[in-house]
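Structure first, then comments.
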Amino acid sequence: MSVLHKDDEILWYAMRVPYRNEIKVQNKLKEKGIETFIPKKRKLVKRRGRSYYELLPAVNNLIFVHSKLDIIKDVKKEILNLQYLVNKVNGQSLPIIVRDSEMQQFIRVVENYEEEVNYFSPEEINISKGTRVRIIGGSFDGVEGVFMKVKGKRSKRVVVMLDKLLAVVMAEVESDLIEVIKN
């Protein structure tokens, strides 16, 4: 997460939208040529007596917007319910920005719908207890995270964390695909 940046840089901003409006806001932003990402999860849905799986937002109210700050400011005038997620730094509220490299890895993990992926808030996971690792081979080749025991899972898992925002826990990864990253 970065605090220092220029207004003309294209960055990933974590933003909030009203409950169940994530897709509507995403479509409005796409119409304006703005790249977005919503973490989604396959969920079992029942409608009119039928059950089927549908890709739905995995985290309510969350959307990531990839654009310049001044463009987002202009768009916020039209989409009033689009708000920055912020961190307090020295008493000042600053928008949460996710580095491109972190976001690319996060997207790679989340978009692999065939694998089991679980989401946690940073408070639910203590990554300081884990070991920094890189996956070599398989569908997650090159993804870096923390190898650790996760509550409710029998074996250790790889956790990919967006600093102070969201953690995604991957499905079990074969130990021969894991390389320890030395500091």
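Following my numbering, the numbering of the sequence shown begins with 1 at its first residue and continues without gaps.
Just so you know, even glycine gets a beta-carbon here, dropped at the ideal spot from N, CA and C.
Pull up the DSSP beta-bridge partners for residue i, would you.
i	result
K76	Note: K76 sits in no beta bridge, so no partner.
M161	A167
V143	DSSP output for V143 lists no bridge partner at all.
L82	Per DSSP, none; premise fails for L82.
R134	E144 and E179
Y52	V45
V89	Q92
K149	K156
So, helix, strand or coil for residue i, using DSSP?
i	result
P57	strand
N118	strand
I34	coil
I125	coil
S175	helix
I97	strand
S2	Summary for S2: the model assigns pLDDT 44, below 50, so the residue's position carries little reliability; its value from the coordinates is reported in the next sentence. Note: S2 maps to coil in three-state DSSP.
From which residue to which residue does the alpha helix (DSSP H) around residue i run?
i	result
N27	E22 to E31
E102	D100 to V110
By the DSSP assignment, the beta strand (DSSP E) with residue i in it spans what residues?
i	result
S67	L62 to K68
Y13	I10 to R16
V45	K40 to R47
Compute the distance between the beta-carbons of residue i and residue j, then report whether it is under 8 Å.
i	j	result
K164	N61	no
V168	V89	no
K68	E31	no
G142	V133	no
L85	M161	no
I178	F147	yes
P57	I38	yes
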